Amino acid sequence: MTITVISVDDHSLRQRIDIEDFDDLFADAPAIVGGDESAPDPHDYFDMALGACKAITARMYARRKDWPLEAVRVEVSRDDREERHGRYTLEVSLTFEGDLDDAQRTRLLEIADRCPIHRLMTDATVAITSRLAMASGA
Numbered sequence: 002m003t004i005t006v007i008s009v010d011d012h013s014l015r016q017r018i019d020i021e022d023f024d025d026l027f028a029d030a031p032a033i034v035g036g037d038e039s040a041p042d043p044h045d046y047f048d049m050a051l052g053a054c055k056a057i058t059a060r061m062y063a064r065r066k067d068w069p070l071e072a073v074r075v076e077v078s079r080d081d082r083e084e085r086h087g088r089y090t091l092e093v094s095l096t097f098e099g100d101l102d103d104a105q106r107t108r109l110l111e112i113a114d115r116c117p118i119h120r121l122m123t124d125a126t127v128a129i130t131s132r133l134a135m136a137s138g139a
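Using the working numbering, read the sequence shown as starting at 2 and increasing by one per residue.
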């Protein structure tokens with residue numbers, strides 16, 4: 002899968018995000034750094050990925066176990082005050098709706114904490130390679 006990020010215009014920080022076979026998304030920067038706050042910022046997408054992954058993982062597990070999980074609500078709160086010093090803290094609150102007992106809810110929480118994005122954020126060694134590409138028409 003390829004994700005392409007393209008500047009919307011030459012004077013704003015707003016970006017259009019093209020992901021194959023999906024509707025476009027947009028990202029912008031907070032006003033404090035010169036953005037218009039017209040869309041979620043990259044940190045929002047990072048945090049959202051964790052919340053969505055936890056919800057999807059819990060629902061998949063409940064479906065496989067045939068548990069009566071009706072809905073999942075995930076709230077992700079961040080504390081990024083120490084980000085420049087290497088610490089980015091996310092607090093995640095999960096609500097599982099349905100006729101579930103305490104043991105099932107506890108198990109769903111354990112499973113959600115093993116979602117691929119949680120593991121990627123906490124356990125993986127991530128390697129990023131950036132390269133310069135030639136602009137079209139150059």
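Built from N, CA and C at the ideal position, the CB exists for glycine as well. From a predicted model like this one, the values you see are computed outputs, not experimental measurements.
Straight-line measurement puts the Cα of residue 92 at about 28 Å from the Cα of residue 20. In the three-state reduction of the DSSP assignment, residue 51 falls in the helix class.
If you draw a straight line from the Cα of residue 88 to the Cα of residue 44, it comes to about 14 Å.
In the three-state reduction of the DSSP assignment, residue 91 falls in the strand class. Per DSSP, residue 106 is one residue of the alpha helix (DSSP H) stretching across 103-113. When secondary structure is reduced to three states using DSSP, residue 129 falls in the coil class, being assigned neither helix nor strand. The residues 68, 69, 70, in chain order, have a CB closer than 7 Å to that of residue 101 in the same chain once the five nearest residues on each side in sequence are set aside.
Secondary structure of residue 74 (DSSP, three-state): strand.
Residue 123 and residue 54 have their alpha carbons spaced roughly 14 Å apart.
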